[in-house]
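Have a look at the structure below before the remarks.
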Amino acid sequence: NKYMHNMFDVIYMLEILEGKAVAKLDTNQKYDLLRKIENEYKPDPDGNSVYATNVVRRLKPEELTKLTTFNSLIEHDIITRRGYVDEATYKRNGYYTINLFSPIYS
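Every position in the sequence shown, counted from 1, becomes a number in our numbering once 3 is added.
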């Protein structure tokens with residue numbers, strides 16, 4: 004129990020340190036490293052927009068300029084590309100592997 008707690012403390016600290024370093028990168032470096040994850044809503048059979056999938060996409064230039072602090076990575080739903088695909092759609096109720104050492108700031 005204590006081992007797992009301490010392990011996650013170390014991992015979270017590494018994510019914070021990496022996030023602060025990433026925020027200082029130039030726009031081109033951020034473009035290569037970071038992706039945005041967002042919900043994509045699709046209509047159900049009754050025509051209601053319901054949560055359906057997550058989409059990972061490249062960031063637009065105007066989005067990259069807003070990533071100046073660690074908190075901005077969280078506020079703008081950012082993940083690192085390392086350990087994940089470049090762009091993708093993740094279907095609802097799928098079983099996916101999450102890379103423990105590739106931060107999801109969102």
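Using N, Cα and C, we set each Cβ at its ideal position, and we do this for glycine too.
So the candidates are GLU21, SER109, ILE82, VAL58; which of them puts its Cα closest to the Cα of ASN42? Checking every option, the nearest Cα to that of ASN42 belongs to VAL58.
Identity of the residue in ARG61, TYR15, ARG85, THR56 nearest GLY97 by Cα: The shortest C-alpha separation from GLY97 is found at THR56.
Comparing C-alpha positions only, which one of GLY50, TYR54, GLN32 sits nearest to TYR93? Here the closest residue by C-alpha is TYR54.
Please report the distance separating the alpha-carbon of ILE14 from that of TYR44. ILE14 and TYR44 have their C-alpha atoms spaced approximately 32 Å apart.
Contiguous alpha helix (DSSP H) assignments of at least 4 residues, all confined to the segment 29–58: Look at the segment 29–58 and you find these whole runs of alpha helix (DSSP H), each 4 residues long or longer: 30–36.
Out of curiosity, what's the CA-to-CA distance linking SER52 and GLN32? GLN32 has its alpha-carbon roughly 36 Å from the corresponding atom of SER52.
DSSP three-state call for ILE101: helix, strand or coil? ILE101: coil per DSSP, three-state reduction.
Sequence-distant residues of its chain with Cβ nearer than 8 Å to VAL88 (five each side left out): Closer than 8 Å at Cβ, skipping near neighbours: VAL59.
Presumed contact (8 Å Cβ cut-off) between LEU37 and THR83, rounded CB distance: About 6 Å separates the two Cβ atoms, so the contact holds.
Between ASN74, GLY22, HIS79, which lies nearest to GLU65 when the distance is taken from Cα to Cα? Out of ASN74, GLY22, HIS79, HIS79 has the C-alpha closest to the C-alpha of GLU65.
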